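K.L.:
Dumping the structure here so I can ask a few things about it.
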Amino acid sequence: MSIFKSVLFFQLVLYFISTALAQNSSCSYKEFPGYGIDGSDIGGVPGRTTDCCALCQKNPYCVAYTWEPYEGGMCWLKNDTGPLSKDAISGTLSAFVSPGPKQTYSLIKKYAAPNFFDDWWFDTRSGKSFGFASNADNKTAWDKGLVGYQNGKVYIGVDHTTTIPNNTWGRLSARISSLQLYNAGLFILSLDHLPVGPYANGSGWHSSPVWPMFMMTGDQGSNGEFDFYAGFNPSSVANSVIHNYDEALYGTCGLPWDPKKYANISGWNYNGLMQSGPHGTADVSFNKAGGGVYAAQWVHGSFIKVWYFLKPNIPADILNESPNPNPGTWGTPNGYYVFGKDCNPEVVNNDYLVLYTAFCNAPVTQECQDIVRNNPSNFQDTYFLIDYLKVFCRPGENCWSGNYTLSGQ
């Protein structure tokens, strides 16, 4: 009887300690019943569901957990919030925990009016490899009205008044690149309007007259390329792409898993991997909604996640311009790129950001070229209208890796 009382007393002590720990930890989380988080284990700690959040917050590397009901309950602490997948064990649940000090993002750079363009250089390199565009220098871009400010917003457009002579290559566009180089971070682009334009028969990846881009890259692909948004019309879906220029060095970076298991996407291999978000996140549909937000979380060595949000369905911490946004509360991403044995994380590194509208891509078809040469008024809506672009970083991450050195530009 005394042994029974001792066991009962011990269980009661554990219960009150765990309850107090959960109540006093000010721990907040977002639960996903029936889901597990694949991999990313820090370790397992016995406990009930009410214990897991506080246990996670006490670990400086924990951002999420999966609780499984066997042997009285086990809290599996995780250093990543994904990939989430349906779990076969009944009663399993996962949760994203409000970040502790070491996991909290803070603003390191904001690009916005009235000095947005102070932090960008104009890439004048043109040619058929860049499609059917002639990239303007700083002075030409301002003189021709390709860039500017409209009601406190940033305008980046193309020439829409000139018919291009047959002996001239390309319609004027502004390709701008950030002076800052990045190696990780949380990127949030808020904009009211995306470039749209005329359609061509068979418009698609290689024949679209209008090709807007928000990406990060380095010179001549030496630092890889990741497209946060690669658009082509007519297409109402936003695409993200990781480009792999050296498979022998970086791995296939392909699609070894079912994309719908981990993200709200479709995906296919294309010079690495391309993933597409939901319909309505690009082109005319995006503009009719009044704009939205494109966001990406890049944890160097681990993953890149991408989200596409339309107004009014923008997370509260982005909408309210929180100084510490938490991507763990944004739900399932629209793009998920995992680094590891099949994709060396150095496939993208020390890159500058790029905003650009190209034409026709390459190779340039004659039909697409003719469309871009003629009827300039068709390109009046071919412009970005940007509220801001913000970059956030966490303690210990080398997000801002230096500045780009201009040479021959």
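Position one of the sequence shown corresponds to residue 1 (the numbering used here), numbered consecutively onward.
Backbone N, C-alpha and C fix where the C-beta goes; we use that ideal spot for every residue, glycine too.
None of the values given here were measured: they were computed from a predicted structure.
Decide yes or no for the touch test of the region 271 to 290 against the region 230 to 238: beta carbon pairs closer than 8 Å, at least 3 of them.
P.N.:
The answer is yes - the region 230 to 238 touches the region 271 to 290, with three or more Cβ pairs under 8 Å.
K.L.:
Restricting to Cα atoms, I'd like to know which of Ala174, Asp246, Gln103 is closest to serine 134.
P.N.:
For the purposes of this step, residue 134 is taken as residue 134 along the sequence shown, with counting starting at 1. Closest option to serine 134, Cα to Cα, is Ala174.
K.L.:
In terms of alpha-carbon separation, which member of Gly152, Tyr308, Asn313 lies closest to tyrosine 336?
P.N.:
Sequence index remark: in the sequence shown, residue 336 carries index 336 (1-based). Cα-wise, what sits closest to tyrosine 336 is Tyr308.
K.L.:
What do you get for isoleucine 89, buried or exposed, if any count of 16 or more other CB atoms within 10 angstroms of its CB means buried?
P.N.:
For the purposes of this step, residue 89 is identified with residue 89 of the sequence shown, where counting begins at 1. The residue in question, isoleucine 89, is exposed, as its Cβ has fewer than 16 Cβ neighbours within 10 Å.
K.L.:
Given a cut-off of 8 Å on the beta-carbon distance, is the pair valine 97 and glutamine 150 in contact?
P.N.:
Locating residue 97 in the sequence shown gives position 97, where the first residue counts as 1. Locating residue 150 in the sequence shown gives position 150, where the first residue counts as 1. Cβ atoms of valine 97 and glutamine 150: not closer than 8 Å.
K.L.:
Which same chain residues, not among the five before or five after serine 178, have their C-beta less than 7 Å away from its C-beta?
P.N.:
As a first step, residue 178 must be located in the sequence shown, where it is residue number 178. Here the set comprises Asp119, Trp120, Tyr352, Leu353.
K.L.:
Taking just the CA atoms, how far does glutamate 71 sit from tyrosine 229?
P.N.:
Residue numbering aside, residue 229 sits at position 229 when the sequence shown is read from its first letter. Residue numbering aside, residue 71 sits at position 71 when the sequence shown is read from its first letter. Between tyrosine 229 and glutamate 71, the C-alpha separation is close to 46 Å.
K.L.:
Would you call the region 289 to 298 and the region 58 to 67 touching, i.e. three or more CB-CB distances under 8 Å?
P.N.:
Not touching, per the Cβ criterion.
K.L.:
What do you reckon, are the CB atoms on methionine 216 and tyrosine 182 nearer than 8 Å?
P.N.:
Residue 216 sits at position 216 when you count from the first residue of the sequence shown. Residue 182 sits at position 182 when you count from the first residue of the sequence shown. The answer is yes: Cβ separation under 8 Å.
K.L.:
Can you find at least 3 beta carbon pairs, one from the region 326 to 346 and one from the region 296 to 308, that sit closer than 8 Å?
P.N.:
Flag = yes, the region 326 to 346 and the region 296 to 308 touch.
K.L.:
Under 8 Å, with one C-beta from each stretch per pair, do the region 376 to 385 and the region 182 to 197 reach the 3-pair mark?
P.N.:
Contact holds: three or more Cβ-Cβ distances are below 8 Å.
K.L.:
Report the option in Asp80, Ile156, Gly82 whose CA atom is closest to the CA atom of phenylalanine 116.
P.N.:
Along the sequence shown, one-based indexing puts residue 116 at 116. It is Ile156.
K.L.:
Measuring alpha carbon to alpha carbon, tell me which residue in Asp159, Lys153, Asn361 is nearest aspartate 143.
P.N.:
For the purposes of this step, residue 143 is taken as the residue at position 143 of the sequence shown. That would be Asp159, whose Cα lies nearest to the Cα of aspartate 143.
K.L.:
From the DSSP output, which residues share a beta bridge with threonine 217?
P.N.:
Along the sequence shown, one-based indexing puts residue 217 at 217. Note: threonine 217 sits in a beta bridge opposite Glu225, Tyr352.
K.L.:
Which whole runs of the alpha helix (DSSP H) in the region 282 to 321 are 4 residues long or more, in chain order?
P.N.:
Segments of the alpha helix (DSSP H) lying fully in the region 282 to 321: 283 to 288, 316 to 319.
K.L.:
I need the straight-line Cα distance from threonine 483 to glycine 218, nearest angstrom please.
P.N.:
Because the chain is modelled from 1 through 409, residue 483 falls outside the range shown and cannot be assessed.
K.L.:
Should lysine 78 go down as buried or exposed, given a rule of 16 or more other Cβ atoms within 10 Å for buried?
P.N.:
Start at 1 with the first residue of the sequence shown, and residue 78 comes out as number 78. Lysine 78 is buried by the Cβ-count criterion.
K.L.:
Are proline 325 and leucine 186 close, meaning C-beta to C-beta below 8 Å?
P.N.:
Position 325 of the sequence shown, counted from the start, is the residue given in the question as residue 325. Position 186 of the sequence shown, counted from the start, is the residue given in the question as residue 186. Yes, they are a contact pair.
K.L.:
Please go through the same chain and pick out, in chain order, the residues whose beta-carbon is closer than 6 Å to the beta-carbon of tryptophan 330, but skip the five residues on each side of it.
P.N.:
Locating residue 330 in the sequence shown gives position 330, counting from the first residue. Contacts found: Trp307, Pro315.
K.L.:
Among Phe232, Glu225, Gly231, which has the Cα closest to the Cα of tyrosine 245?
P.N.:
In the sequence shown, the residue the question calls residue 245 occupies position 245. Of the candidates Phe232, Glu225, Gly231, the one whose C-alpha sits nearest the C-alpha of tyrosine 245 is Glu225.
K.L.:
Comparing C-alpha positions only, which one of Lys109, Pro363, Asn59, Val196 sits nearest to serine 377?
P.N.:
On the sequence shown, position 377 is the one that residue 377 refers to. Of the candidates Lys109, Pro363, Asn59, Val196, the one whose C-alpha sits nearest the C-alpha of serine 377 is Val196.
K.L.:
Ends of the beta strand (DSSP E) at glutamate 31?
P.N.:
Taking the sequence shown and counting its residues from 1, the one referred to as residue 31 is at position 31. Segment 29 to 33, the beta strand (DSSP E) holding glutamate 31.
K.L.:
Where do the N-terminal and C-terminal ends of the beta strand (DSSP E) with isoleucine 42 fall, by residue?
P.N.:
What you label residue 42 is simply residue 42 of the sequence shown in a count that begins at 1. It spans 41 to 46 - the beta strand (DSSP E) in which isoleucine 42 sits, taken as one unbroken run.
K.L.:
Can you pull the DSSP bridge partners for tyrosine 182?
P.N.:
Here residue 182 refers to the residue found at position 182 of the sequence shown. Asp351, Trp400.
K.L.:
How many angstroms separate the CA atom of lysine 311 from the CA atom of valine 293?
P.N.:
By 1-based counting over the sequence shown, the position of residue 311 is 311. By 1-based counting over the sequence shown, the position of residue 293 is 293. Answer to the nearest angstrom: the Cα atoms are 8 Å apart.
K.L.:
When DSSP labels each residue in this structure, what does proline 212 get in the three-state scheme?
P.N.:
As a position in the sequence shown, residue 212 is number 212, starting the count at 1. Correct three-state label for proline 212: strand.
K.L.:
Where phenylalanine 32 and aspartate 370 are concerned, what is the direct C-alpha to C-alpha distance, given to the nearest angstrom?
P.N.:
The residue labelled residue 32 in the question sits at position 32 within the sequence shown. The residue labelled residue 370 in the question sits at position 370 within the sequence shown. Using only the alpha carbons, I get a separation of about 52 Å.
K.L.:
What does DSSP give as the partner residue(s) for tryptophan 67 in the beta ladder?
P.N.:
Walking along the sequence shown from the start, residue 67 turns up at place 67. Answer is Cys75, Leu93.
K.L.:
What would DSSP say about threonine 163, mapped onto helix, strand or coil?
P.N.:
The count along the sequence shown starts at 1 and reaches residue 163 at position 163. Of the three classes helix, strand and coil, the one that applies to threonine 163 here is coil, per DSSP.
K.L.:
I'd like the span of the alpha helix (DSSP H) that includes alanine 133, first residue to last.
P.N.:
For this step, residue 133 is matched to residue 133 along the sequence shown. First-last for alanine 133: 133 to 135, but that is the beta strand (DSSP E), not the alpha helix (DSSP H).
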